[in-house]
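Note sheet for the following structure.
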Amino acid sequence: MIFSSHIFLLCFLPLFLAVYFLVPPKGRNLVLLLASVVFYAWGAPDFVLILLASTVANFYLVKAMHRAQRTAMKKLWCTLAILLSLGLLVYFKYANFFVENANALLAALGLGTMGWTKVLLPIGISFFTFQSITYVVDTYRGINTPMQRLTDYMVYIIMFPQLIAGPIVRYTDIADQITARRRLRWEECLQGFYRFVIGLAKKVLIADVIGRTVDVVLAGDLAALDSGTAWITIMAYTMQLYFDFSGYSDMAIGLGRIMGFRFPENFDNPYTSASISEFWRRWHITLGAFMRNYLYIPLGGNRHGTARTYLNLWVVFLLSGLWHGASWNFVIWGAYHGFFLVLERLLGINKQRKAWRIIPTFIILLVGWAIFRIEDLPSCWTFIQRLFCFDFSGFALADHPQYYATLLVALVFSFLTLLPMGKRLERWVFYTRYGNTQLTAVWIIACLLFVCCLMTLTATKFSPFIYFRF
Amino acid sequence: MRHIPKILCLATMMLFLLPVVQKVKPFVEVQPLKGVYVHTEKPQLTFSSFVKGEWQKNADRYVKEHFGFHEHFIRLYNQCFWTIWHRPADPSPVLVGKDDYLFEPSFVNEYYTGCFNEFYPDSIPLCERPQIFHRRMSRLAKLQAILEEQGVHLFLALLPGKERIYPQYLPNPGPRTGNHTSKTQPRAYDLYRNSRYDFRRIDLCHCFDSLNGHTPYLLFTKTGTHWSNIASTYAFDSVMRYMQTFGPPIHPVTLGTPYYAPTREPDNDLYHLLNIMAPVPADSNLYVDVTLTGTRPGRNPSLVVIGDSFFWNILYNFPIQELFSDFRYWYYFSTIYYDPAHDKVADIDLVDELLRTDYVMLSYCTVQLYDCGNGFINRALLELCYDPGEIQAVRDSIAADTTSTLTIDQLIDKNLEQYFPAIAEPLPTKRCTKIAQQK
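Line order of the protein sequences matches chains A and B.
Just so you know, we're using my numbering here: the first sequence kicks off at 1 and counts up by one.
Just so you know, we're using my numbering here: the second sequence kicks off at 471 and counts up by one.
Now the structure itself:
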């Protein structure tokens, strides 16, 4: 089930909230757990048992780890728990990729190919795997004690707002919120609703609108594109991705808030970054934090000299690229970012923020997103060539005003916080505690936005015929 | 005032529940949406459909199409879009041309690139598509000759599309008007006009071309996709006169004096498809009434029309059921109208049906000409010349032998004369048993 679907907005969510608010605080985790199972089973019924089984197994492995007296035993249980989570991820997400590449290699060597039935990818596996790893590692490090109740742990792993696409909530950040449920506060619920609607609007009114045209252009003949169209298209995709992903995070954070949870922020105006290092502190913040805490630091971080630091950075970004998808373009995208990160450190660019660097950083990001979006490598290279051939001869603004207007709105919102007024607006919308008048005014705006989103979702793809055909 | 947050929260819950209330007990009037679209049936939950994810997909679609305010939201969205951008929202079956002339996308595509892509599967190469068209036209000539010897008068009425008559109002080419990266292909009407086919036909495109700009009425209204009410009336009057030059007489009709009246159906058919909240523009157009006059010529002849939706306009104006004793409309040679006994052409005995008919009119506009007959020509040729058992035997042998990606019908269309050699003769002499016995 996706948040921007009628079944979620008109059936699942109202029903869930009604039950959730009616039961006493003690029963809310159970309601949330059941709803989350239904939510997951709706989209991936054949994987729900795997998710539940792995979650239960992890819970008991960590319990055993916590009970173990000897460090060696603790380490063993910890390794087993991590291997279980990572094993599932590797099998479901990367097995096809590895077998395809192995077969290509074997075929090139004239050794035939291996037989293989393609494995389907369970939705959200990348996210719940990382969350279970934070649970194992944080408990191993003694930052937290393990949860006492299986249902509490299951709520942490498969809570539906962040199950599919994050934010990746670190166990230490949410453990207390799950075990000691506070009384719900109406203001919090309202602010959660506002945040949810903002996210929904970002997805439905901006990302989806831009995405439809981007898909059409990128499905066409890339070699025939002029540079103007290529740049506008990749800029549009850049906006689509940001508004889609950050919109989803906003919806997750908003839903969490309605239910009484505080999830970490996942985006902080990433396109206003003046360096790639800064971008990674503002884009998918929870993934960056995970990679730092659970990969970069265990690899040695910057404690083993400059060369090793750069190598660690590269490894982290290569794996981060692979985490985004099992395809070579993601690996190259990770390496591309890793390259610029290392370069910035070599040149000392990351130490001081200079506003003019926003433009070159943005251009580097645009090219990066082209690698990210176009999976077929020769097509991707063709597209990048079209970007830099500076052939504007065939350029004409397509007859599509809604696309350009939406793109303009997206660009304005993406860079608004560069202005002091934009900063103030952001602080007011997201981080101010509203008075009654503000609550009411924002409620009216949120309701109108919600109706606009529902209206757009309903009207999209509705195309009748004049007469019945046949 | 401290209760405001609580009140707003409860109001939010009410907001979520409003669509359910509207669905169960509508409190805002619901006007059905215009146009034809397929409704999703209420999905039946079974274990296997749930595990496969089919039930979930259908349930989501069902909720999307049936929640309270569905119609209102679509109209409101379309109206907002229309007001802001002065164009219909994507995806739309309507394109806005110059001076607010509305067009169906296929007519615009036809003008700019030719519509062969829409009518032939990708498995048939571009270079072969004109040959298929020519093959179909030459088979039509054979079919007409065979039917003529049975006293059945088959003819083709070629109707103009709006793109042909008013190209000056077409929208500019762009992403919404077809795939312009593909090579422009010949238009079916040009193929037809540049070839010399030996069959009976009336070319109303030619006739409309000569009338264009010289009539006090529009040949196509701004807001309709088909020929205008009045133009189609005059056109069919000409068709009836033409029919009587080779077939039995038809009850005479008189066309009254044209008069202005608010736009009638179906002259606004494209405007309705916009599904916006604003009412239809209160334009007037010229109309003319048709009345039966004179004496009936003995028995009324019978008529079968095979064709596209342009013929619906005729049915709005002419008392067809009174002019023809046995009228049947084989819409796209698929669905049957005006025949109480049958719904689908697949269920009829085609030979019987044809033999009891005086006139068979193939009525196709320029865009639909690519698929002229919609399979009628091949099927009629086969069933008039071969017995059902013979046809089935050949079909079975094709099915057993083929490794082609084409369907059996496509293969037969491609190699009809090879599979059924009698049809290869310039004028086939073999007849099915039913016709042979009649002789």
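Think of the CB as a built atom: it goes at the ideal place given N, C-alpha and C, for glycine as much as any other residue.
On a predicted model such as this, the values are computed, not experimentally measured, just so you know.
| Query | Result |
| --- | --- |
| According to the neighbour-count rule (16 or more other Cβ atoms, all chains shown, within 10 Å of its Cβ), is A:G142 buried or exposed? | exposed |
| So, is the C-beta of A:S5 closer than 7 angstroms to a C-beta in chain B? | yes |
| Are B:S772 and B:F794 closer than 7 angstroms when you measure CB to CB? | yes |
| Any chance you could list the beta strand (DSSP E) runs of at least 3 consecutive residues sitting entirely within the segment 801-878 of chain B, in chain order? | 805-807, 829-835 |
| Using a C-beta cutoff of 7 angstroms, does A:D226 count as contacting chain B? | no |
| Buried or exposed: where does B:R826 fall if 16 or more other Cβ atoms within 10 Å of its Cβ makes it buried? | exposed |
| How many Å lie between A:L51 and B:V864 at the Cα? | 55 angstroms |
| Say whether the segment 30-48 of chain A touches the segment 186-206 of chain A, bearing in mind that this needs 3 or more beta-carbon pairs closer than 8 angstroms, one atom from each stretch. | no |
| Where do the N-terminal and C-terminal ends of the alpha helix (DSSP H) with A:V19 fall, by residue? | 13-22 |
| Helix or strand or just coil, what does DSSP make of A:N103? | helix |
| Would B:T761 be called buried (16 or more neighbouring beta carbons within 10 Å of its own) or exposed? | exposed |
| Output, in chain order, the set of chain A residues within a Cβ distance shorter than 8 angstroms of B:K476. | W186 |
| With 16 as the cutoff for other CB atoms within 10 Å, does B:A705 come out buried or exposed? | buried |
| Assuming A:R281 contacts A:N269 under a Cβ cut-off of 8 angstroms, what Cβ separation, rounded to an integer in Å, is found between them? | The Cβ separation is near 11 angstroms, so there is no contact. |
| Between the segment 831-841 of chain B and the segment 772-783 of chain B, are three or more C-beta pairs nearer than 8 angstroms? | yes |
| Rounded to whole angstroms, what's the CA-CA distance from A:C453 to A:L205? Just pull it up for me. | 7 angstroms |
| Can you tell me the Cα-Cα spacing of B:R545 and A:D226, whole angstroms? | 37 angstroms |
| When DSSP labels each residue in this structure, what does A:C453 get in the three-state scheme? | helix |
| With a cut-off of 8 angstroms on the beta carbons, I'd call A:M477 and A:A53 a contact; round off their distance for me. | The structure shown does not extend to residue 477 of chain A, since chain A is modelled only from 1 to 470, so the question has no answer here. |
| Which term fits A:W369, buried or exposed, when burial requires 16 or more other beta carbons within 10 angstroms of its beta carbon? | buried |
| For the segment 197-209 of chain A, enumerate the residues whose C-beta is nearer than 8 angstroms to any C-beta of chain B, in chain order. | none |
| Residues in the same chain with beta-carbon distance under 8 angstroms from B:P513, minus the five sequence neighbours each way, listed in chain order, please. | S519, E524, W525, N528, A529, Y532 |
| In chain order, what are the residue ranges of uninterrupted alpha helix (DSSP H) at least 4 long that sit wholly in the segment 57-90 of chain A? | 71-89 |
| Is A:A274 closer than 7 angstroms to A:T361 when the C-beta atoms are compared? | yes |
| Using DSSP bridges, identify the partner residues of B:G932. | Lying outside 471 to 909, the shown extent of chain B, residue 932 of chain B is not represented and no answer is given. |
| Quick check: what's the CA-CA separation for A:T456 versus A:L418? | 30 angstroms |
| Kindly indicate which three-state DSSP category B:R671 falls into: helix, strand or coil? | strand |
| With respect to the beta strand (DSSP E) encompassing B:F625, which residues constitute its N-terminal and C-terminal limits? | 623-629 |
| Three-state secondary structure (DSSP) at B:P595? | coil |
| So what does DSSP say about A:S379, is it helix, strand or coil? | helix |
| Measuring alpha carbon to alpha carbon, tell me which of A:F413, A:G115, A:A219, A:A441 ends up nearest A:E100. | A:G115 |
| Using DSSP with H/G/I as helix, E/B as strand and the rest coil, what is B:Y730? | strand |
| Assign B:T693 to one of three DSSP states: helix, strand, or coil. | coil |
| Can you have a look at B:N848 and say buried or exposed, based on whether 16 or more other CB atoms are within 10 angstroms of its CB? | buried |
| Is B:A906 helix, strand or coil when you go by DSSP? | helix |
| Note down, in chain order, all residues in the segment 479-507 of chain B with a beta-carbon under 8 angstroms from any beta-carbon belonging to chain A. | C479, A481, T482, M483, L485, F486, L487, P489, V490, L503, K504, G505, V506, Y507 |
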